[in-house]
Structures are given as structure tokens and as C-alpha cells.
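Chains as they are written, first to last, in my numbering: chain L, 1 to 114; chain X, 1 to 108.
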């Protein structure tokens, strides 16, 4: 059974650029959630995708957007990057959209915005 | 939304010692997970425990949902246990809400 994978591992961008992060969910999981973890903090929920539709969103601006594909993999896109977007971005998959489902996390993508 | 408080924020242990980490939450929950974040940032699932008690080797966890707290016990700690431990409950259809974590350092 393949776990959650994310790419790239690290990324450096400059302010104003756009970035796309990718996530492949664990086998058999149809729900993907994205979290942002700033240095020294716990992860914060960005949004969740279930069957290719956004199914919940945290307190993040519209320049954070996402997609889920028919194979349940997902992308997180961030436009007009700001310095404060520097963080570890974590993707989690679960076997259903209900919050009672156990979530499994990928290794993360560390984004640095200069 | 649900509020999560973890204690202590930092903990230093001698190898072989035992410890208890606490997680208080403000609402009834239908999911609660404990994670260990290693130095590379990977969140490793320790327990899925919305209620009751579970054990896995040297680790065990108890959630008392009616009193809105969960405990993670680490026995005979090892240097590889170092890292940050997060508690993350959710209620209703809300996503997991993470506490600020407990940073554990185990010294040989």
C-alpha cells in the first residue's frame, strides 16, 4: 500500500510568483486536505477536496486554490506569493469526507518565498 | 471553532524516563488524532482515539471525551522519540484542529 506522496520536497520562489504543489493520496482514499504549517506552529487547515469538489475551506484568501483529479490526486496553487506564505505545506488523505475519518499525511513541501 | 491546548509546551527527558502529554479541547469531538512530527517535518500517525484507551508498544493514549481531554503516555523514552507531538481533534464536520504541540527532547 502506497502512502501519501508530495512533490516537490523543497521550493524557492520570489514574491509575486505563482506556485503549484502536488499530492498523491493513499490508495483507496478519495478525500484530500491541505494544511499550512508556519515555523513553530501547528498545521492550519487550508481546504479539503472530495470527489473533485472543494468540501470545506479554512481562513485563507482566494489566491490559495486547488484541484482534485479523477484519480484523487490533488494540486495546491498559490498566486501572488507573499513572504508570509513561506511554510511547510502538508497534504493529508482519508477514506471519506467525514471528519471522523482518520487522516494520513504526506512528507510535506517546504516553500520559501524570498 | 474548537480550541485546543497542549501541555507542557516543552519537555526534556533523560533516556529511559516516562512522560505524560496532555491535550485539552473545548468541544465534543468525533475524531482525535495524536501525531509525532519528526525533524524532517513528517507527521506520523500515533493514535486515532476519539474515545477510550489504546496502546502501541511503549506508547499509549487515553481520551475522556466527556471531560474533554486526551493523554499520551510515553514509557522508557528513547532518543528517537524526540520531536514535536501534536494533538488534533475535530468535531461535527470540521477539519482537524491542531494544538501548538509539545516539543520533546530525549537526552542519552
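Virtual Cβ for every residue (Gly too), placed ideally from N, Cα, C. Predicted model, so just to flag it, every value in this text is computed and none were measured.
Check: Under 7 Å from the C-beta of residue 90(X): neighbouring residues of chain L; Outcome: 99
Check: Delimiting residues of the beta strand (DSSP E) encompassing residue 33(L); Outcome: 31–37
Check: Three-pair Cβ contact test at 8 Å for the region 52–67 of chain X versus the region 96–113 of chain L; Outcome: no
Check: Cβ neighbour criterion (16 or more within 10 Å) applied to residue 106(L); Outcome: buried
Check: Inter-residue spacing [alpha-carbon to alpha-carbon] between residue 12(X) and residue 73(X); Outcome: 15 Å
Check: Contact set between the region 82–93 of chain L and chain X, restricted to residues whose Cβ is under 7 Å from the partner; Outcome: 88, 90
Check: Identity of the residue in 3(X), 6(X), 14(X), 1(X) nearest residue 75(X) by Cα; Outcome: 14(X)
Check: Residue 40(X) versus residue 81(L): straight-line alpha-carbon distance, rounded; Outcome: 24 Å
Check: Closer than 8 Å to chain X by CB, residue 6(L); Outcome: no
Check: Rounded separation between residue 24(X) and residue 31(L) - CA only; Outcome: 27 Å
Check: Through-space distance from residue 82(X) to residue 10(X), alpha-carbon basis; Outcome: 11 Å
Check: Residues sharing a beta bridge with residue 85(X), DSSP; Outcome: 36(X), 102(X)
Check: Cutoff 8 Å; reference residue 49(X); Cβ partners in own chain excluding five residues on either side; Outcome: 32, 33, 34, 61, 62, 63, 70
Check: 8 Å Cβ cutoff met for residue 20(L) and residue 102(L); Outcome: no
Check: Partners in chain B for residue 42(L), counting only beta-carbon separations shorter than 7 Å; Outcome: Judged by its chain identifiers, the structure shown contains no chain B, and its protein chains are L and X.
Check: Cut-off 6 Å between Cβ atoms - residues of its own chain near residue 24(L), not counting five sequence neighbours on either side; Outcome: 5, 73
Check: Separation of residue 58(L) from residue 8(X), as counted between CA atoms; Outcome: 27 Å
Check: Residue burial classification, residue 42(L) (beta-carbon count within 10 angstroms, cutoff 16); Outcome: buried
Check: Residue 86(L) and residue 77(L) closer than 8 Å at C-beta; Outcome: no
Check: Cβ-Cβ distance between residue 115(L) and residue 28(X) below 8 Å; Outcome: Not covered by the structure: residue 115(L). The range shown for chain L is 1 to 114.
Check: Within-8 Å CB hit, residue 105(L) to chain X; Outcome: yes
Check: Minimum Cβ-Cβ distance from residue 109(X) to chain L less than 8 Å; Outcome: Chain X is shown only over 1 to 108; residue 109(X) falls outside these bounds and no answer can be derived.
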